[in-house]
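Numbering (numbering that gives the first Met the number 0), first residue to last: 0 to 189.
Backbone N, C-alpha and C define an ideal beta-carbon position, used for all residues, glycine too.
Below: one structure, written as structure tokens.
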Amino acid sequence: MHIRQTLIRALALALTLLLVLGSTNPALAVQEAGMTVTKIDNDALDARLEQPIVAEPGEEAPYGDTDMVRVSILLEKKSTLEAGFSTTGITQNDAAMAYRETLRADQETVTAQISQALGEKLEVHWNMTLAANIISAGLQYGQIETVKAVPGVKDVILETCYSPAVVDRQEAAAPRRTLPGTPARVCALL
């Protein structure tokens with residue numbers, strides 16, 4: 000029994016030493032290896048995006064003019080939060096709720112103006128008034144510049160849309176029924 004306790008204490012001591020020595024400062028290793036660290040002024044760095052966000056003139060556009068895209072239409076008027084209202088108790092704040100209602104009314108007006116400029120009804124997916132003053136809509140890629148020219152529109156940004164993978168095989172869309180006594184996993188492979 001005495002040997003077992005001694006073994007446990009030795010193991011505890013070894014683990015403690017491992018934890019203590021394992022947490023030494025890695026910067027000490029840099030100095031020992033003869034490496035030097037030089038602080039660089041952030042203003043001396045030039046951070047640029049590798050790829051442009053929007054196609055430059057002369058480059059091929061990512062979509063055709065008639066391709067349907069989802070866009071965020073940013074409006075010029077400030078959102079509820081940008082106007083200085085707090086999220087704390089916002090539903091009980093009559094001034095904040097009244098401001099949001101004016102934003103909704105403005106969005107309906109701008110939506111009608113956009114529809115008139117496009118010559119067709121704008122396909123609105125959702126509206127935001129709290130954190131941003133945005134209308135999410137679907138339209139043809141070639142209509143983006145027309146929407147940008149509407150009074151009250153600050154900018155139009157392409158939204159990233161994700162769609163699920165489509166099944167090509169008819170069997171996967173309508174799986175066969177399992178027969179009594181046949182394991183389901185085998186029938187799924189048939």
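Thinking C-beta only, is residue j closer than 8 angstroms to residue i?
i: A136; j: H124; result: yes
i: V277; j: V70; result: An answer regarding residue 277 cannot be provided, because it is not within the stretch 0 to 189 covered by the chain.
i: L74; j: N132; result: yes
i: Y140; j: D40; result: no
i: K76; j: D105; result: yes
i: L229; j: L138; result: As shown, the chain starts at 0 and ends at 189. That puts residue 229 outside it, with no answer to give.
i: G83; j: V109; result: no
i: N126; j: I113; result: no
What would DSSP say about residue i, mapped onto helix, strand or coil?
i: L17; result: helix
i: V146; result: helix
i: I39; result: coil
i: T5; result: helix
i: Q141; result: As written in the sequence, residue 141 is Gly, which differs from the Gln given in the question. In this structure, G141 counts as helix in the three-state DSSP scheme.
i: A130; result: coil
i: T90; result: helix
i: A11; result: helix
i: A187; result: The predicted model places A187 with a pLDDT of 38, which falls under 50 and marks its position as unreliable, so this point remains unresolved.
i: L178; result: Because L178 sits at a pLDDT of 48, beneath the cut-off of 50, its placement in the model cannot be relied upon, and the point is left open.
List the endpoints of the continuous beta strand (DSSP E) containing residue i.
i: D105; result: That residue, D105, is in no beta strand (DSSP E); its alpha helix (DSSP H) goes D93 to L117.
i: N126; result: E122 to M127
With DSSP as the reference, identify every bridge partner of residue i, one or two as the case may be.
i: S71; result: S135 and I156
With residue i as the anchor, note down where its alpha helix (DSSP H) starts and where it stops.
i: E81; result: It is not in any alpha helix (DSSP H) - E81 carries neither H nor E in the DSSP assignment.
Beta-carbon of residue i versus every beta-carbon of chain C: anything under 8 angstroms?
i: L18; result: Chain labels in this structure do not include chain C; a single protein chain is all it has.
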